[in-house]
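One structure below.
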Ligand code: GLU
């Protein structure tokens, strides 16, 4: 086996990649990068019935968006391809037959109806039907039938599968990097199908053969594959191959803690469970994605990194670079990881604060363009800098700062009632006249001037500042009022005061 670390992410293209799959990919990526290894993408598409158009592209786009592209895989041939199992079809039969020769597998001719009948029969007696050592001699296979009978059936093109012959009375000692040692009694295992009657391998056979041929050193995958570990271990042994190391990642649990996080949970509670938006090609149903909901990949990656792992320190913010240094498989938890949608927002808030203002201005500009608003790039960037600390998503810049771009189209009734009294219109008229005389409209000198003016009138500040805010913003909200006036300028400020007087008198 090559000494270089080689890991693989091996999704089946059966739909959009769930956030749990993205975490598996991320942990593989981090482990590979930490050890200077290769991160391989292998598409496990042997189950033609479950193939979904567009799913492979979606997987690749998701990895790219997260900033964890694969080094090797479809379109990035590095000598171990092809990387889609459907394009490797011809390789698997030969390996299944090797196991028949060595006595580790056998042909089984039982039809689906016959197996169903056995299952039913067992159920009625309150038992479970398992195809293995205790009954295989009574079933229709190359262990129970004579050589001639078997040959006859094969010649007559009777449908068959190839099953693995699980050993009897043995205790297997399995090892998992996260879970430690496990013992399995082989008598409880069933003789799993390795090769199907349609000429395709099952997941188990294809997965082991490919991991071997692709010289994979570490298999990092979801906990749902832990029950397959014994079979995989026995397959490596039967082939006489060194097994890779295994690490099974903990389940991602519902926010309430019980049960696996599902698409439904996200829909019910209003958070995405997919990295990118997905449109089902058949039903047309659209599922929300983190990207389209306005999350930055840094936030999603940081959240996922902590979903089942922590560095053992107080530090919670990790960008990808840092993660590749800090990540250790041994520190991945055994227990399920509870999903916390609020935590993702918290990471998002952090990363938007760190983001470059010009970058944010560019993103916000796209939003403004959709509203048919054009503004100078520098102006947008200055607005962004001023109100950044109030936002979590780029979209929030609008709610927190629309008044930098348009005059208020309405006045909040509650706030206006509070701010606009009987004598306010008269006062605002005077203020308007005064502002016309102010030459330097920069926030600081403007503040000085207005303060002096209020003092000279011997009235409370609120009497002027509250209605002025209503006039400029439309509600009692927003950042420093003098800054707003400076940004929108003298003429616009005066126009807005005039408009408020007319509307609220
Ligand atoms: N194709 C399997 C999946 O969809 C891969 C499991 C594994 O990594 O071995 O998750």
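Numbering (the UniProt record's numbering), first residue to last: 1 to 505. Note that CB positions come from ideal geometry on N, CA and C, so glycine has one too.
Using a Cβ-Cβ distance under 9 Å, would residue i count as near chain D?
i: residue 491; result: Of the protein chains in the structure, only one exists, and it is not chain D.
Return yes when the C-beta of residue i is under 8 Å from any heavy atom of ligand 1, and no when it is not.
i: residue 11; result: yes
i: residue 193; result: no
i: residue 219; result: yes
i: residue 51; result: no
i: residue 44; result: yes
i: residue 84; result: no
i: residue 21; result: yes
i: residue 29; result: no
i: residue 207; result: yes
i: residue 8; result: yes
i: residue 222; result: yes
i: residue 203; result: yes
i: residue 506; result: Nothing can be reported for residue 506: it is not among the residues displayed for the chain, which extend from 1 to 505.
i: residue 65; result: no
i: residue 225; result: yes
Return the chain-ordered list of same chain residues with a C-beta closer than 7 Å to the C-beta of residue i, the five sequence neighbours on each side being excluded.
i: residue 1; result: In this prediction, residue 1 scores a pLDDT of 43, lower than 50, which makes its location untrustworthy; the coordinate-derived value is nonetheless stated afterwards. Correct list, in chain order: 215, 217, 242.
i: residue 161; result: 108, 193, 195, 196, 197
i: residue 400; result: 387, 390, 391
i: residue 453; result: 434
i: residue 170; result: 186
i: residue 324; result: 30, 33, 34
Do you know how far the Cα of residue j is from the Cα of residue i?
i: residue 168; j: residue 97; result: 21 Å
i: residue 363; j: residue 496; result: 28 Å
i: residue 354; j: residue 463; result: 38 Å
i: residue 135; j: residue 172; result: 21 Å
i: residue 140; j: residue 205; result: 22 Å
i: residue 142; j: residue 108; result: 6 Å
i: residue 312; j: residue 328; result: 10 Å
i: residue 209; j: residue 92; result: 7 Å
i: residue 261; j: residue 269; result: 12 Å
i: residue 545; j: residue 127; result: Since the first residue of the chain shown is 1 and the last is 505, residue 545 is not available in this structure.
i: residue 427; j: residue 378; result: 35 Å
i: residue 54; j: residue 416; result: 52 Å
i: residue 316; j: residue 252; result: 19 Å
i: residue 78; j: residue 72; result: 6 Å
i: residue 449; j: residue 425; result: 20 Å
i: residue 207; j: residue 99; result: 15 Å
i: residue 103; j: residue 111; result: 22 Å
i: residue 38; j: residue 56; result: 20 Å
i: residue 152; j: residue 219; result: 41 Å
i: residue 23; j: residue 85; result: 22 Å
Could you give the first and the last residue of the continuous beta strand (DSSP E) run that contains residue i?
i: residue 182; result: 180-185
i: residue 245; result: 245-249
i: residue 218; result: 218-222
i: residue 107; result: 105-108
i: residue 171; result: 171-176
i: residue 9; result: 6-9
i: residue 41; result: 38-41
i: residue 161; result: 161-164
i: residue 194; result: 193-195
Among the residues of its own chain, which have a CB less than 6 Å from the CB of residue i, if the five just before and after it don't count?
i: residue 9; result: 25, 28, 41
i: residue 357; result: 381, 384, 385
i: residue 257; result: 338
i: residue 471; result: 496, 497, 500
i: residue 479; result: 386, 387
i: residue 360; result: 384
i: residue 487; result: 404
i: residue 419; result: 466, 467, 470
I'd like the span of the alpha helix (DSSP H) that includes residue i, first residue to last.
i: residue 414; result: 413-419
i: residue 100; result: 89-101
i: residue 464; result: 462-473
i: residue 495; result: 490-504
i: residue 307; result: Segment: none, residue 307 is in no alpha helix (DSSP H) and carries neither H nor E.
i: residue 324; result: 320-326
Could you tell me how far apart the beta carbons of residue i and residue j are, in whole angstroms, since I believe they sit closer than 8 Å?
i: residue 392; j: residue 66; result: Not a contact, Cβ separation roughly 19 Å.
i: residue 174; j: residue 230; result: 6 Å
i: residue 60; j: residue 13; result: Not really, about 10 Å apart at Cβ, beyond 8 Å.
i: residue 468; j: residue 481; result: 6 Å
i: residue 52; j: residue 32; result: The pair is not a contact, with the Cβ atoms about 27 Å apart (cut-off 8 Å).
i: residue 266; j: residue 272; result: 6 Å
i: residue 352; j: residue 296; result: 7 Å
i: residue 166; j: residue 145; result: Not confirmed; about 19 Å, so no contact.
Ignore the nearest five residues each way along the sequence and tell me which others in residue i's own chain have a CB closer than 8 Å to its CB.
i: residue 121; result: 129
i: residue 374; result: 368
i: residue 278; result: 15, 16, 58, 286, 287, 289
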